[in-house]
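As C-alpha cells, the structure follows; a few thoughts come after it.
In UniProt numbering, the protein residues as written are 1 to 255.
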C-alpha cells in the first residue's frame, strides 16, 4: 500500500472547498480557522500513518514544529496521539491567552532549526506552514528527520511562494516581487506585514523542497495539501507546480 492511499480517499473536491471557505476566518476568527485546519491535519496524519505502518496513530508521539499556541493539540488528542508542540516565539505561544491553553499536549519553547530532542525520539514530526517563515527551511527539515524514529513519518508542509497564497496577507502583490510587495504593504497599512518578506517570510519553491527531500533518500510521497486527489498530478510538472500547488506536503520516512 502506498503511504497516501488511505488519505487519497478523503482528498475530495468537497473537502477542498470546505477548507478554502475557512481561510477567510484566519484573521477574524482564528480559533474557527485553526480548529478546522487542525482536525483535517490530524485526520491526514492518522491516514498516512495507518497506510505506512498498518496500525492506528493511537499512543504515538507527534511533534508539531512551529505549533504556535497549540490549536492542533486537541485534534491530535482526539485521534489518540500524544502531542508535543514546539514554538520559538513567546507571543505566538501565548496568543490564545492563558485561559485557552490546551491541557491535551506538552508545549516547549524552542527553535525548529535546533530541536532540543534526541535522535530517533518521536514517531511523527510535523511542520505545518512553517518552512516559508524561516531563512533555512531545509535545516528545519533535516532536524525533523533527525528526531524521527526509523519507520516513522516526517511531514513538512509549506506554502509555495509563487502560488496564489505565497504572499500571505500581502495578497497577490507578491507577484511584483517580495521586497516591493512588503514595501507596498507597509505604505498602505502604516506598519510591516506580520509575514514580512525577508524577515518572517521567504520565497520557498516547490522545486527546492522536492530536490531537498529526494536528496535525503527518505521521500515517499509529495502532494498538494488542499487539492482533490485528481489534481495531485500538478506536483510532477515543473513550473506549473510553482503556481498551482499552493501548499506542498513532503512525506518522508527515515529508515
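Heads up, the beta-carbon is just placed ideally off N, CA and C, and yes, glycines get one too.
Everything numeric in this text was worked out from a predicted model, so none of it was measured.
Nearest residue (CA-CA) to residue i, options the options
i, options, result
"residue 155", "124, 168 and 162", "124"
"residue 242", "187, 183, 252 and 159", "159"
"residue 244", "231, 251, 252 and 254", "231"
6 Å CB neighbourhood of residue i in its chain, flanking five on each side removed
i, result
"residue 88", "111"
"residue 58", "80"
Separation of residue j from residue i, as counted between CA atoms
i, j, result
"residue 6", "residue 220", "14 Å"
"residue 100", "residue 150", "With a pLDDT of 48 at residue 100, under the threshold of 50, the modelled position of that residue is not reliable, and the figure given next carries that caveat. Rounded to whole angstroms, residue 100 to residue 150 spans 35 Å at the Cα level."
"residue 271", "residue 10", "The chain is shown from 1 up to 255; residue 271 falls before or after that span and cannot be answered."
"residue 139", "residue 113", "6 Å"
"residue 236", "residue 120", "30 Å"
"residue 295", "residue 63", "For the chain, the structure presents residues 1 to 255; residue 295 sits outside this window and is missing."
"residue 108", "residue 130", "16 Å"
"residue 175", "residue 211", "23 Å"
Local conformation of residue i per DSSP, three classes
i, result
"residue 14", "helix"
"residue 59", "coil"
"residue 26", "coil"
"residue 247", "strand"
"residue 221", "strand"
"residue 185", "helix"
"residue 205", "coil"
Residue i Cβ short of 8 Å to the ligand MG heavy atom set
i, result
"residue 194", "As for the ligand MG, it is missing from this structure, which has no ligand bound."
CB-CB length for residue i against residue j, believed under 8 Å
i, j, result
"residue 128", "residue 144", "About 12 Å separates the two Cβ atoms, so there is no contact after all."
"residue 238", "residue 214", "Between residue 214 and residue 238 the Cβ distance is about 14 Å, and since that is not below 8 Å, they are no contact."
"residue 197", "residue 182", "4 Å"
"residue 152", "residue 122", "7 Å"
Same chain, Cβ closer than 8 Å to residue i, five either side skipped, listed in chain order
i, result
"residue 50", "6, 56 and 57"
Chain-order list of residues whose beta-carbon lies under 7 Å from that of residue i (same chain, five-residue window excluded)
i, result
"residue 78", "42"
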